[in-house]
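When you line the sequence shown up against the numbering used here, it's residues 1109 to 1433, in that order. Before any comments, here is the structure.
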Amino acid sequence: MSIIRLSIIIPFYNVEKYIAACLDSVVNQDIPLSEYEIICVNDASPDHSRDIVLEYMKRYSNIRLIEHEHNMKLGAARNTGRSIARGKYIWNVDSDDMIFPKCLKDILENCEKYDLDVLEMGYVNLFGKISGSISHSQIPRDKAIYSGPDYLEKFHIDKMHTICGIWRKVYKRSFLYENSIYSPPINMGEDEAFAIEVFGTAKRMSYLNKDCYIYRRTVTSLSGEYKQNWDWQKLYEASMVCSRYMHNSLSKVKSNYSPIVYASLKGMITYEILQWYSFMDCMTYSTMNEFWGHCRKHFFDNLFVFHYLSRKKTLLYICHCLKCC
């Protein structure tokens, strides 16, 4: 019986337009099907995505389907996939994205040769259709092995948000389990808290100087008009819930980071908290009213925000909460 070297986890919800292209990309690879598994997690998708996955399962023996009875959100779906994964390494692939053909051999050879906890890879942004414009986001780096905190400081300190993107890294499964690193059970920014713990804990991390991932950028993945259509639940999750998980993650690993990295990560959390401030002008009155009502209801759950806000923003936050009395 072949050893499973890699588990590719693909949560899906409402992606019938894209999931076939995603599955085509993960089966068009350069290692035997018996050496990797593809775990598709149906997060109670209401469209025909499940039917498409079932058709692929008839053709490819390494595809598995796990189903949620109700929608549990992206982070929880990733955790469900991990709970049954058998591979030595794990790659989280989003169902509306793709991976490059014949990239698994290089990825796994690097992971196994250097016994890595985490391997980061190059990727490209895809705008529109596959024939549309592509922008390269690969940043050439040396292939040395670093601890996670040193890697972050050397390559991400100037653009801290680039530590996110759970999909551009392959993780050793035992590393994640031994350090109890899981994705928060949310949709908005679930990879940010995860990344803070991963970088803060990893002892062996390196970079593969090769484009391996295709990130499909759509209207829903960009700021702007889409955020004008957010309801208060999305705003609250993006602002308060996401930043709370980030705060908890940073509290667990802050002693592993240098002062400059710790300060930068605090700045990233502050940015997430202030989603409410940045987008107040494009939210409807009812959205903001519901948002502040929920903030008041959970005021004590969100006391952590005062560690990050300036005096002026703290006062503004409290005043907005009090308006809902």
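Beta carbons are placed, not taken as given, at the ideal position from N, Cα and C, and that holds for glycine. Note that the structure is a prediction, hence the values are computed from the model and not measured.
Can you give the beta carbon distance from residue i to residue j, rounded, assuming they're within the 8 angstroms contact cut?
i, j, result
"F1302", "S1203", "18 angstroms between Cβ atoms; not a contact."
"L1316", "D1214", "6 angstroms"
"K1374", "Y1416", "6 angstroms"
"I1294", "G1183", "5 angstroms"
"C1148", "R1113", "At roughly 19 angstroms, the Cβ-Cβ gap does not stay under 8 angstroms, so C1148 and R1113 are not in contact."
"S1169", "V1123", "With a Cβ gap of about 23 angstroms, S1169 and V1123 do not count as contacting."
"K1431", "Y1385", "Going by Cβ atoms, the distance from K1431 to Y1385 rounds to 15 angstroms, so no, they are not a contact pair."
"S1372", "I1265", "6 angstroms"
"M1313", "G1256", "5 angstroms"
Name the residue from the options whose alpha carbon lies nearest to the alpha carbon of residue i.
i, options, result
"M1296", "N1317, I1253, I1274 and K1342", "K1342"
"L1284", "F1307, K1210, T1395 and L1382", "F1307"
"L1382", "N1356, D1409, S1418 and A1371", "S1418"
"H1355", "F1412, V1149 and I1253", "F1412"
"D1205", "K1221, F1414, Y1231 and N1397", "Y1231"
"I1096", "D1225, T1392, N1179 and E1398", "In this structure the chain extends from 1109 to 1433, so residue 1096 is not present and cannot be described."
"R1404", "N1179, Y1344, K1311 and D1319", "Y1344"
"H1406", "M1348, N1233, Y1290 and Y1222", "M1348"
"R1186", "E1217, I1289, D1250 and Y1393", "I1289"
"P1154", "S1314, E1177 and T1188", "E1177"
"R1276", "R1324, K1196 and I1174", "R1324"
Taking all protein chains shown into account, decide if residue i is buried (16 or more other Cβ within 10 angstroms of its Cβ) or exposed.
i, result
"A1193", "buried"
"I1111", "exposed"
"L1423", "exposed"
"P1209", "exposed"
"I1368", "exposed"
"D1339", "exposed"
"N1200", "buried"
"A1346", "buried"
"I1116", "buried"
"Y1425", "buried"
"A1252", "exposed"
Quick check on residue i: does DSSP put it in helix, strand or coil?
i, result
"S1394", "helix"
"M1180", "coil"
"N1170", "coil"
"L1224", "coil"
"S1255", "coil"
"G1230", "strand"
"C1148", "strand"
"R1324", "strand"
"I1127", "helix"
"S1347", "helix"
"W1199", "strand"
Continuous beta strand (DSSP E) assignments of at least 3 residues falling wholly in the segment 1262-1322: 1277-1280
In chain order, which continuous runs of the alpha helix (DSSP H) of length 4 or greater are located wholly inside the segment 1366-1429? 1367-1381, 1383-1386 and 1393-1405
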